[in-house]
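So the mapping is simple: this note's numbering equals the position in the sequence shown, first residue as 1, plus 38.
Below is one structure, written out as structure tokens; the observations come after it.
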Amino acid sequence: MTSFPITQKALCLVALLALGICNALAQKVGSTSMQFLKVMPSARAAAVGEAYSVWASGAEALFWNPGGLASVARHEVSLTYVDWLFDTKQGAFAYALSLGNLGAIGLQVQYVDFGVFEETTNEFPYIIDPDRPGMTGRTFRPFGYLIGATYGRYLTDRFSLGLSIKYAYESLFNDKRVEQVMIRPGTYADVNTWASGILFDFGMRYNTGFRSIQIASAVQNFGPNVRYATEAYPVPLLFRVGVAAHLFGPIGLLQGGYEKSRLSAAFDIFHPNDYAQQFHMGLEYEFMDILSLRGGYKFNYDSDGLTLGIGLKYKVGNMQVSMDYSYGSMGDYLEDVQRISLGVIVP
């Protein structure tokens with residue numbers, strides 16, 4: 039008796055959320071700061087082309103859609119290592135805990151090492167060095183990190199919501215403050231070389247009740263501009279809305295004879311505030327709840343495109359351990375991106 043009204047409410051919420059965020063994103067900016075916030079953890083998610091707003095659940099939901107946190111087991115842990123572009127390395131940790139009827143809570147930590155850079159200057163005597171003009175001989179190592187807490191719960195047996203609060207920090211230089219920097223011709227000032235901000239994520243997930251079809255949406259990094267030196271810049275505000283279902287399997291859209299395996303598909307519409315609308319599509323084949331083969335594609339990107347991956351799950355005592363690997367093509371001129379994830383679920 040209540041499924042139809044709840045369905046209407048869920049769909050209306052998705053529509054209103056999409057309308058509001060798309061209006062906000064319509065005012066484009068040339069660029070955003072803290073680009074590491076767009077490098078999403080989870081090898082499984084990357085392997086299916088980041089079409090993950092529905093499939094993000096448990097501990098991994100902290101990175102993608104806090105609405106999926108409500109489905110956590112008693113304890114869940116997720117660890118991811120990302121070998122990103124130009125010597126950039128990223129590590130991510132998430133822990134989720136079920137509170138029973140009170141919902142679930144989670145904690146995430148991300149750290150990004152951008153590698154070593156050589157310092158340059160336009161000041162004397164370095165600028166006239168014939169061998170290395172402008173090079174000081176010193177190096178610096180930018181980095182960034184994020185710490186966040188999430189709460190999620192089911193409002194009905196099919197509909198869940200979640201909210202995250204995050205603190206993001208990015209340092210561009212070894213020294214936190216540099217004195218007498220020329221910010222414009224003839225004007226000098228002492229400036230900070232770092233920025234930080236408080237950000238929020240909102241998300242929902244809804245099981246339609248028809249076979250395995252689910253829908254979800256999430257807004258990430260909602261918050262004020264962050265300030266570097268004398269200028270303030272927006273952070274990457276990300277909006278996702280997606281649908282996913284099992285194509286073949288016990289509750290697949292096309293049933294029959296697939297008790298030990300399943301093939302699932304997901305599709306996400308992705309809209310950042312610093313680029314045009316993009317699309318993510320992914321497929322996952324799972325055999326015997328042990329081996330998973332994955333593939334995906336990201337549309338309307340300058341370099342991203344094909345993604346591939348594999349996953350294994352096995353039991354260790356009463357724990358379920360998962361290991362996932364993903365490969366992402368970045369076109370002809372950039373290095374490929376690889377991710378490795380480890381997950382532990384304690385039921």
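Backbone N, C-alpha and C define an ideal beta-carbon position, used for all residues, glycine too.
What you are looking at is a predicted structure, and each value in this text was computed from that prediction instead of being measured.
- Taken through DSSP and simplified to helix, strand or coil, TRP102 comes out as helix.
- Proximity to VAL279 across GLU322, ASP239, HIS309, SER116 peaks at HIS309, based on C-alpha coordinates.
- The closest CA to that of VAL120, considering only PHE74, GLY106, ARG265, is found on PHE74.
- Following the DSSP letters along the chain, one finds ARG243 inside the beta strand (DSSP E) bounded by residues 232-245.
- Residue nearest to THR70 within the set GLU208, ALA132, ILE185 is GLU208 (criterion: CA-CA distance).
- The C-alpha of TYR335 is placed about 9 Å away from the C-alpha of LEU346.
- By DSSP's assignment, TYR352 forms a beta bridge with VAL359.
- Taking 9 Å as the cut-off, the Cβ atoms of THR268 and ALA304 do not count as close.
- PRO310 is bridged by DSSP to LEU276.
- Shown here for THR177: same chain residues with a beta carbon closer than 7 Å to its own, the five before and five after excluded, namely VAL154, PHE155, GLU156, GLU157 in chain order.
- A contact between stretches requires three or more CB pairs, one per stretch, nearer than 8 Å, and the stretch 185-201 fails this requirement with the stretch 161-177.
- Put simply, the backbone Cα of PRO385 is about 21 Å away from that of PHE325.
- Of all alpha-carbon atoms in ALA89, GLN146, GLY261, LEU184, the one lying nearest the alpha-carbon of ASN311 is that of GLY261.
- The secondary-structure analysis by DSSP pairs LEU380 across a beta bridge with LEU117, MET361.
- Here DSSP, grouped into helix, strand and coil, assigns LEU107 to helix.
- The C-beta distance from VAL264 to MET78 rounds to 19 Å, too long to fall under 8 Å, and the pair is not in contact.
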